[in-house]
Amino acid sequence: MTDVTTGSIRTSARVRASELVGRGWLNTGGKQVTLADLRGKIVILDFWTFCCINCLHVLDELRPLEEKYDDVLVTVGVHSPKFEHEADPEALAAAVERYEIEHPVLDDPELTTWQAYSARAWPTLVVVDPEGYIAASLSGEGHVAGLASLVEDLITEHEAKGTLHRGSGPYVPPEPVSRTLCFPAAAVPVPRTLGGEASTGRFLVADTGHHRIVELDVDLETVTRTWGSGERGYQDGSASTAQFNEPQGLAVLPEDIAEQVGYDVVVADTVNHRLRGINTTSGEVTTLAGNGIQRLIDSERVKNTGPETPGPLAGEPTAISLSSPWDVIWSTSAQRLVVAMAGTHQIFTFDPVSRELAIWAGTGLEGLTDGPADRAWFAQTSGLTEDATGDIWIADSETSALRVIRAGQNPQAPEVETIIGEGLFDFGFRDGDPARARLQHPLGVSALPDGSILVADTYNGAVRRYHKEHRAADGSTVAAEVSTVARGLKEPSDVLLDADGEHLLVVETNAHQLTRIAVPEEYLTVDEGALQTQRPSTAVSGDELRVEVGFSAPAGQKLDDRWGDPTQLKISSTPEELITEGAGASEGLQRTLRLNRAVGEGVLHITARAAACDGAEGEEIPLHAACHLYQQDWGIPVVLDDDGETTLGLDLRGVK
10 MTDVTTGSIR TSARVRASEL VGRGWLNTGG KQVTLADLRG KIVILDFWTF CCINCLHVLD
70 ELRPLEEKYD DVLVTVGVHS PKFEHEADPE ALAAAVERYE IEHPVLDDPE LTTWQAYSAR
130 AWPTLVVVDP EGYIAASLSG EGHVAGLASL VEDLITEHEA KGTLHRGSGP YVPPEPVSRT
190 LCFPAAAVPV PRTLGGEAST GRFLVADTGH HRIVELDVDL ETVTRTWGSG ERGYQDGSAS
250 TAQFNEPQGL AVLPEDIAEQ VGYDVVVADT VNHRLRGINT TSGEVTTLAG NGIQRLIDSE
310 RVKNTGPETP GPLAGEPTAI SLSSPWDVIW STSAQRLVVA MAGTHQIFTF DPVSRELAIW
370 AGTGLEGLTD GPADRAWFAQ TSGLTEDATG DIWIADSETS ALRVIRAGQN PQAPEVETII
430 GEGLFDFGFR DGDPARARLQ HPLGVSALPD GSILVADTYN GAVRRYHKEH RAADGSTVAA
490 EVSTVARGLK EPSDVLLDAD GEHLLVVETN AHQLTRIAVP EEYLTVDEGA LQTQRPSTAV
550 SGDELRVEVG FSAPAGQKLD DRWGDPTQLK ISSTPEELIT EGAGASEGLQ RTLRLNRAVG
610 EGVLHITARA AACDGAEGEE IPLHAACHLY QQDWGIPVVL DDDGETTLGL DLRGVK
């Protein structure tokens with residue numbers, strides 16, 4: 010358990026680490042790696058899955074640690090997939106390349122090593138000392154400071170014992186590959202002359218793997234202009250010297266707005282946690298919003314367990330923290346930019362003229378909850394599009410959902426509605442009735458002139474189409490339906506209608522290209538079923554199950570109890586009938602559940618959160634102290650058994 014006095018993350022138990030077992034290894038030159046090979050090194054096992062934004066955050070958090078301690082520290086990524094597609098070894102190899110992972114990765118498709126280490130959430134970090142014993146186990150992100158402190162302690166201890174071995178680890182870099190595009194993420198048509206050059210038929214593309222923005226000619230192969238040096242980093246300046254870090258979404262501003270603000274393209278610079286502006290005439294790149302520090306929660310808005318209140322954020326936008334902005338669009342009805350803030354599961358807006366940055370929808374909690382925008386839950390908001398009525402459509406990737414913010418009629422009180430999707434662990438490939446339809450981690454959406462919505466159904470390798478109930482030419486009513494436009498694509502992340510109206514342009518991320526496909530005369534109807542994320546089940550008692558989530562504030566922080574209990578637990582289940590007593594949200598991190606023996610098995614969905622602020626125990630929290638929200642989500646499969654566990658213990662660690 011965490012030492013509340015010192016904030017240490019070190020475990021008091023001395024438990025041998027389990028062997029690393031999986032299908033194979035990446036980044037080792039084809040060699041297998043065992044714990045014996047790692048003896049003498051400090052090892053961080055990073056249990057991750059490449060769909061998960063929190064896991065991607067951890068990859069970036071660990072980079073400085075890996076560089077600083079490269080002669081004593083070995084990170085091993087244990088890839089334990091959530092979605093079916095992530096178990097594909099080719100998809101995993103592409104993800105390792107895409108995210109520039111520079112440590113060995115164990116392919117664990119059957120979750121063998123995941124189960125051996127009792128992992129329950131993505132991401133989970135386990136530290137193994139040089140003698141092969143588990144030194145710490147952590148869930149979630151934001152642990153780098155605690156890990157650095159632990160590494161220092163282990164270096165001191167094991168150098169004194171003579172059990173620390175300095176030198177290189179098992180990482181073997183792959184051979185570099187030269188491509189025109191590298192894992193492109195999004196494209197937008199250039200609707201007018203940008204930068205004084207004729208650009209009809211050209212496209213701006215987020216060349217994510219090359220950390221730059223490019224303009225492609227009509228052949229979709231010739232690069233006519235670029236912005237960004239091509240090196241991962243952050244720097245404003247000229248087109249050739251500016252730096253981006255895995256840019257994702259793009260938006261072109263209307264001409265009149267661009268003339269007022271001095272830039273005409275806006276970039277969601279995802280890993281830099283910033284919005285950037287490009288003046289395509291001068292080539293100058295500037296920062297519009299974000300300070301580069303990943304957003305957890307605004308210190309002025311932390312009250313107890315309540316959601317962040319939608320509305321403007323106080324202060325200079327470049328001094329405000331953002332979290333992995335994934336897409337950005339210009340809303341004609343709202344006359345401002347709409348931003349998918351994937352890292353906090355929210356929708357933001359930014360007014361380029363007034364420079365007002367605001368939260369528009371989402372509490373910051375991860376899940377699928379509809380209703381008023383200020384009470385809705387999202388899960389890794391990704392692609393955005395606006396339809397002709399002013400409604401904003403969202404690819405909500407972690408819930409494999411297509412959702413819409415009904416804002417066209419009432420932008421001051423928008424409502425969130427789910428069209429396709431069931432929850433965090435439900436996915437599949439099924440057309441037909443939207444209530445039964447399934448997607449698999451979609452990343453892009455596009456509204457068509459006929460009112461239908463295209464979805465880049467990324468992990469199904471398909472483009473899907475949702476058409477609401479409508480009148481046919483003969484006057485009959487056609488029911489709402491989901492159909493398949495194209496399949497066999499390699500992780501399509503964006504889709505849009507080409508200028509001719511007869512073709513679609515698909516951004517095929519893992520094919521490193523933009524692909525034109527003809528709009529079919531008839532759409533496919535596919536039904537490959539509905540699936541759920543498969544993880545080992547925990548045998549639990551049905552009569553009474555105690556859920557206990559451990560949390561202690563990190564050193565230098567204290568629980569923010571100024572407005573009551575600063576902790577909250579929300580529990581639900583799939584199927585809903587699994588829990589007969591104890592479901593719902595309430596204060597505190599302990600709950601007693603009663604489960605339905607007639608149901609027998611299912612998944613418990615548990616979200617825990619706690620608020621802490623800078624300050625010492627026994628002292629008043631200063632009025633403007635920096636405050637932090639800690640949150641973790643678990644989806645735990647359970648099976649009812651008379652001899653099963655009566656207590657389900659989880660950890661919401663608060664180490665920063």
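Counting in my numbering, the final residue of the sequence shown is number 665, and the numbers go up one at a time with none missing.
Don't be surprised by glycine CBs; every beta carbon is placed ideally from N, CA and C.
Bridge partner(s) assigned by DSSP for residue i
| i | result |
| --- | --- |
| W57 | H88 |
| F357 | V348 and I368 |
| P334 | M350 |
| I403 | L393 and R412 |
| L661 | The partner list for L661 (beta bridge, DSSP) is empty, contrary to what the question assumes. |
| F436 | L540 |
| W643 | I615 |
| I222 | A215 and W236 |
| C191 | Paired residues: none, contrary to the question. |
| W386 | T378 |
| Q599 | E557 |
| T656 | R555 |
Any non-hydrogen atom of the ligand HEM within 8 Å of residue i CB
| i | result |
| --- | --- |
| G49 | In terms of ligand content, the structure shown is empty, and the ligand HEM therefore cannot be addressed. |
Endpoints, alpha helix (DSSP H) assigned at residue i
| i | result |
| --- | --- |
| T122 | T121 to A125 |
| L101 | P98 to R107 |
Residue i versus residue j - alpha carbon distance
| i | j | result |
| --- | --- | --- |
| T250 | D116 | 37 Å |
| Y180 | E500 | 27 Å |
| T341 | A215 | 22 Å |
| T427 | R412 | 4 Å |
| A453 | V227 | Checking the sequence, you will find Gly at residue 453 rather than Ala. In a straight line, the C-alpha of G453 is about 22 Å away from that of V227. |
| V197 | A96 | 31 Å |
| G376 | S581 | 11 Å |
| P545 | R25 | 21 Å |
| S461 | H476 | 4 Å |
| T189 | E106 | 16 Å |
| I306 | C636 | Only weak support exists for where I306 lies, its pLDDT of 49 falling under 50; the value from the coordinates is given anyway. Near 7 Å, if we compare the C-alpha coordinates of C636 and I306. |
| N313 | G441 | Annotation note: pLDDT 37 at N313 (below 50); position unreliable, coordinate value reported separately. Looking at the two C-alpha atoms, the distance is approximately 43 Å. |
| A607 | G432 | 23 Å |
| E76 | S127 | 28 Å |
| L262 | L284 | 14 Å |
| I429 | A548 | 31 Å |
| W34 | L47 | 14 Å |
| M350 | Q522 | 25 Å |
| C191 | T518 | 8 Å |
| G151 | L54 | 15 Å |
| A323 | R525 | 44 Å |
| L661 | T493 | 41 Å |
| Y272 | N254 | 20 Å |
| A260 | V275 | 5 Å |
| T20 | I615 | 24 Å |
| F59 | L101 | 8 Å |
| D278 | W335 | 8 Å |
| H450 | L613 | 21 Å |
| V311 | A621 | Note that V311 scores a pLDDT of 36, beneath 50, so its modelled location is shaky; the value from the coordinates is reported in the next line. Going from the Cα of V311 to the Cα of A621 covers about 9 Å. |
Range covered by the beta strand (DSSP E) that runs through residue i
| i | result |
| --- | --- |
| A446 | Taken as a continuous stretch (DSSP letters only), A446 belongs to no beta strand (DSSP E), as it is neither H nor E. |
| D69 | It is not in any beta strand (DSSP E) - D69 instead sits in the alpha helix (DSSP H) that spans I62 to K77. |
| V197 | A195 to P198 |
| K579 | T576 to T583 |
| E596 | G593 to E596 |
| V114 | V114 to D116 |
| R473 | A471 to H476 |
| I588 | I588 to E590 |
Exposed unless 16 or more other CB atoms sit within 10 angstroms - verdict on residue i
| i | result |
| --- | --- |
| H479 | exposed |
| E530 | exposed |
| P113 | buried |
| G611 | buried |
| R618 | buried |
| W572 | exposed |
| A465 | buried |
| G31 | buried |
| K579 | buried |
| D435 | buried |
| R23 | exposed |
Go through the stretch 236-323 residue by residue and report every complete run of the alpha helix (DSSP H) that reaches 4 residues or more, in order.
Entirely contained in the stretch 236-323, the alpha helix (DSSP H) runs reaching 4 residues are, in chain order, 264-270.
Which ranges would you report for the beta strand (DSSP E) in the stretch 503-565 if only whole runs of at least 3 residues count?
Taking only runs of at least 3 residues, the beta strand (DSSP E) segments lying wholly in the stretch 503-565 are 512-517, 522-527, 536-541, 547-549 and 554-559.
What beta strand (DSSP E) runs, 3 residues minimum, are completely inside the stretch 135-170?
The beta strand (DSSP E) runs lying completely inside the stretch 135-170 and spanning 3 residues or more are 143-148, given in chain order.
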